[in-house]
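Undergrad: Going down the list, the protein sequences come from chains A and B. The first sequence: position 93 = 93 (full-length UniProt numbering), numbered continuously. The second sequence: position 51 = 51 (full-length UniProt numbering), numbered continuously. Okay, here's the structure, questions in a sec.
There are 2 protein chains.
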Amino acid sequence: MSQNGVGVDLETSLGYLLKEASSALRAAMEEVLRPLGMSVTHYSCLELLAQRPGLSNSELARGAFVTRQTMNVLLQALEREGYVTRPAEAPVGKVLPTRLTHRGRRSLEKATVAVRSVEVRMLAGMTETEQSGAFRILQSMIHSLREGNDGA
Amino acid sequence: MSQNGVGVDLETSLGYLLKEASSALRAAMEEVLRPLGMSVTHYSCLELLAQRPGLSNSELARGAFVTRQTMNVLLQALEREGYVTRPAEAPVGKVLPTRLTHRGRRSLEKATVAVRSVEVRMLAGMTETEQSGAFRILQSMIHSLREGNDGA
DNA sequence: CAATCTATGTCAGAATACTGACATGAGTCA
DNA sequence: TGACTCATGTCAGTATTCTGACATAGATTG
Numbered sequence: 001m002s003q004n005g006v007g008v009d010l011e012t013s014l015g016y017l018l019k020e021a022s023s024a025l026r027a028a029m030e031e032v033l034r035p036l037g038m039s040v041t042h043y044s045c046l047e048l049l050a051q052r053p054g055l056s057n058s059e060l061a062r063g064a065f066v067t068r069q070t071m072n073v074l075l076q077a078l079e080r081e082g083y084v085t086r087p088a089e090a091p092v093g094k095v096l097p098t099r100l101t102h103r104g105r106r107s108l109e110k111a112t113v114a115v116r117s118v119e120v121r122m123l124a125g126m127t128e129t130e131q132s133g134a135f136r137i138l139q140s141m142i143h144s145l146r147e148g149n150d151g152a
Numbered sequence: 001m002s003q004n005g006v007g008v009d010l011e012t013s014l015g016y017l018l019k020e021a022s023s024a025l026r027a028a029m030e031e032v033l034r035p036l037g038m039s040v041t042h043y044s045c046l047e048l049l050a051q052r053p054g055l056s057n058s059e060l061a062r063g064a065f066v067t068r069q070t071m072n073v074l075l076q077a078l079e080r081e082g083y084v085t086r087p088a089e090a091p092v093g094k095v096l097p098t099r100l101t102h103r104g105r106r107s108l109e110k111a112t113v114a115v116r117s118v119e120v121r122m123l124a125g126m127t128e129t130e131q132s133g134a135f136r137i138l139q140s141m142i143h144s145l146r147e148g149n150d151g152a
């Protein structure tokens, strides 16, 4: 087991803690989604489509933080199984707007309940003030990290 | 990119934002580590060993948030390339304490500089108070998420 | 108008991490 | 002591995601 709680650099690193939190969140989500036969990326895709119907493959990929190739494979599976539909030909350009089917919507409903329970649990013990503080701080981190990628 | 308020609103979800921040951090780290021919898991392993020499394969896996099988494959590669050493036989039980070689330490030094620059950038624009607030909040999330896994 | 640039969808192969399984060593308990 | 449980290291196969590459549609620019 962990021999000692020796406080070293990793113990005080916000980056490490961010990774730890993200890992815990992912594990918790996988746990509640597994009984539904759904992965996190799978759920993310359906949730994005519910909130923004007609999103393209590339837009879904960016929203789920995977490559468009990965999302394409997932969409083909979801389409084959009847959870989403895409037109055979692009109305404009090459972009294929994707939509949830009735089946996809019903599948998402159960998943949303499960995922919401995780989010509620994660927020337990945090005040409203702390939650909005966390929101602001995470946005600040994202902004600062992206700055370096594009600009410099 | 407008959204209608159905289900879990991704624009206001702390879970989604946490995933976004973690994704941005990972991308930024990969970018600075790629020139050094090092992956994030690779770096995490070396950093853990520098701070806690003698860690076992399983302990490293937990610290880097991967399975012990994944870490084992990585350790075999690192050992083959002379970055770490493990005794041929376990001093006690089956646990093989791992240590950095001189080469491993030198390789880590460059990586640490690169990664630190990312962390500094991430923290830019945050006050000391905000940083400790973020620390406390992330720890609270982790604690709450783990609660459900073990206890219930 | 033509050349160029950017973004998209998609196929294929490579890299990475995971689950399953097995044998082994250490601690627990009756 | 012997049975049981737990954690470990490791091998093998599977799953998931990524990188590379290509053709094509729309926008931009001269």
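The C-beta atom is built at its ideal place from N, Cα and C for all residues, glycine as well.
Could you please give the first and the last residue of the uninterrupted alpha helix (DSSP H) stretch that includes Arg-62 of chain B?
TA: Position 62 of the second sequence, counted from the first residue, corresponds to residue 62 of chain B. Element bounds for Arg-62 of chain B: 57 to 64.
Undergrad: Report yes or no: do the region 75 to 95 of chain B and the region 104 to 112 of chain B share at least 3 C-beta pairs separated by less than 8 Å?
TA: yes
Undergrad: So what's Arg-99 of chain B in DSSP terms, helix, strand or just coil?
TA: As a first step, residue 99 of chain B must be located in the second sequence, where it is residue number 99. DSSP places Arg-99 of chain B in strand when its eight states are reduced to three.
Undergrad: Go to Arg-80 of chain B, then tell me how far its alpha helix (DSSP H) extends in each direction, as first and last residue.
TA: The residue you call residue 80 of chain B lines up with position 80 of the second sequence. From DSSP, the alpha helix (DSSP H) with Arg-80 of chain B extends over 68 to 80.
Undergrad: Output the distance between the C-alpha atoms of Thr-12 of chain B and Leu-17 of chain A, rounded to the nearest integer angstrom.
TA: Counted from its first residue, the second sequence places residue 12 of chain B at position 12. Counted from its first residue, the first sequence places residue 17 of chain A at position 17. Near 21 Å, if we compare the C-alpha coordinates of Leu-17 of chain A and Thr-12 of chain B.
Undergrad: Gln-69 of chain A versus chain B: which residues are under 8 Å apart at the beta carbon?
TA: Here residue 69 of chain A refers to the residue found at position 69 of the first sequence. For Gln-69 of chain A, there are no C-beta contacts with chain B under 8 Å, since the nearest C-beta of that chain is about 16 Å from it.
Undergrad: Taking the straight line between their C-alpha atoms, what separation do you get for Lys-19 of chain B and Thr-70 of chain B?
TA: Numbered from its first residue, the second sequence carries residue 19 of chain B at position 19. Numbered from its first residue, the second sequence carries residue 70 of chain B at position 70. Their backbone Cα atoms lie some 22 Å apart in a straight line.
Undergrad: Could you tell me whether any Cβ in chain A is nearer than 8 Å to the Cβ of Ala-88 of chain B?
TA: By one-based count along the second sequence, residue 88 of chain B stands at place 88. It does not; no Cβ of chain A falls within 8 Å.
Undergrad: Tell me Thr-85 of chain B's beta-bridge partners as DSSP assigns them.
TA: The residue labelled residue 85 of chain B in the question sits at position 85 within the second sequence. Assignment of beta-bridge partners to Thr-85 of chain B by DSSP yields B:Arg-99.
Undergrad: Anything in the region 127 to 145 of chain A with a Cβ closer than 9 Å to a Cβ of chain B? List those residues in chain order, please.
TA: Glu-130, Gln-131, Gly-133, Ala-134, Phe-135, Arg-136, Ile-137, Leu-138, Gln-139, Ser-140, Met-141, Ile-142, His-143, Ser-144 and Leu-145
Undergrad: With respect to the alpha helix (DSSP H) encompassing Leu-19 of chain B, which residues constitute its N-terminal and C-terminal limits?
TA: Residue mapping note: residue 19 of chain B aligns to position 19 of the second sequence, counting from 1. The residue you asked about is not Leu; residue 19 of chain B is Lys in the sequence shown. Unbroken alpha helix (DSSP H) run through Lys-19 of chain B: 14 to 33.
Undergrad: With which residues is Val-92 of chain B paired in a DSSP beta bridge?
TA: In the second sequence, counting from the first residue as 1, residue 92 of chain B sits at position 92. DSSP lists B:Val-95 as partners of Val-92 of chain B.
Undergrad: Taking C-alpha atoms, which residue in A:Leu-14, A:Pro-35 and A:Val-40 lies nearest to Leu-25 of chain A?
TA: The residue you call residue 25 of chain A lines up with position 25 of the first sequence. Comparing Cα positions, the closest option is A:Val-40.
Undergrad: Between Glu-47 of chain B and Leu-123 of chain B, is the Cβ-Cβ spacing less than 8 Å?
TA: Translated into the one-based positions of the second sequence, residue 47 of chain B becomes position 47. Translated into the one-based positions of the second sequence, residue 123 of chain B becomes position 123. Cβ distance not < 8 Å, so Glu-47 of chain B and Leu-123 of chain B don't count as in contact.
Undergrad: Ser-39 of chain A lies in the alpha helix (DSSP H); which residues open and close that run?
TA: As a working note, residue 39 of chain A is residue 39 in the first sequence. That residue, Ser-39 of chain A, is in no alpha helix (DSSP H); it is neither H nor E in DSSP.
Undergrad: Taking Leu-10 of chain B as the query, report the chain A residues whose CB atoms sit under 8 Å from its CB, ordered along the chain.
TA: For the purposes of this step, residue 10 of chain B is taken as residue 10 along the second sequence, with counting starting at 1. The contacting residues are Glu-47, Leu-48, Gln-51 and Gly-63.
Undergrad: Compute the distance between the beta-carbons of Leu-96 of chain B and Ser-56 of chain B, then report whether it is under 8 Å.
TA: Mapped onto the second sequence, residue 96 of chain B falls at position 96. Mapped onto the second sequence, residue 56 of chain B falls at position 56. In contact: Leu-96 of chain B and Ser-56 of chain B (Cβ atoms closer than 8 Å).
Undergrad: For Met-126 of chain B, which of helix, strand or coil comes out of DSSP?
TA: In the second sequence, the residue the question calls residue 126 of chain B occupies position 126. Of the three classes helix, strand and coil, the one that applies to Met-126 of chain B here is coil, per DSSP.
Undergrad: Say whether the region 126 to 139 of chain A touches the region 23 to 37 of chain B, bearing in mind that this needs 3 or more beta-carbon pairs closer than 8 Å, one atom from each stretch.
TA: Result no; under three Cβ-Cβ pairs closer than 8 Å.
Undergrad: With burial defined as no fewer than 16 other Cβ atoms inside 10 Å of the residue's Cβ, what is the status of Gly-15 of chain A: buried or exposed?
TA: One-based indexing of the first sequence puts residue 15 of chain A at position 15. Counting Cβ neighbours within 10 Å, Gly-15 of chain A comes out buried, since at least 16 surround it.
Undergrad: For Tyr-83 of chain A, which residues from the same chain have a beta carbon less than 8 Å from its beta carbon, with the 5 sequence-adjacent residues on both sides left out?
TA: Translated into positions along the first sequence, residue 83 of chain A becomes position 83. Excluding positions up to five away in sequence, the list reads Leu-46, Leu-100, Thr-101, Arg-103, Gly-104 and Ser-107.
Undergrad: Can you find a C-beta in chain A that's less than 8 Å from the C-beta of Glu-20 of chain B?
TA: Here residue 20 of chain B refers to the residue found at position 20 of the second sequence. By this cut-off, Glu-20 of chain B is an interface position.
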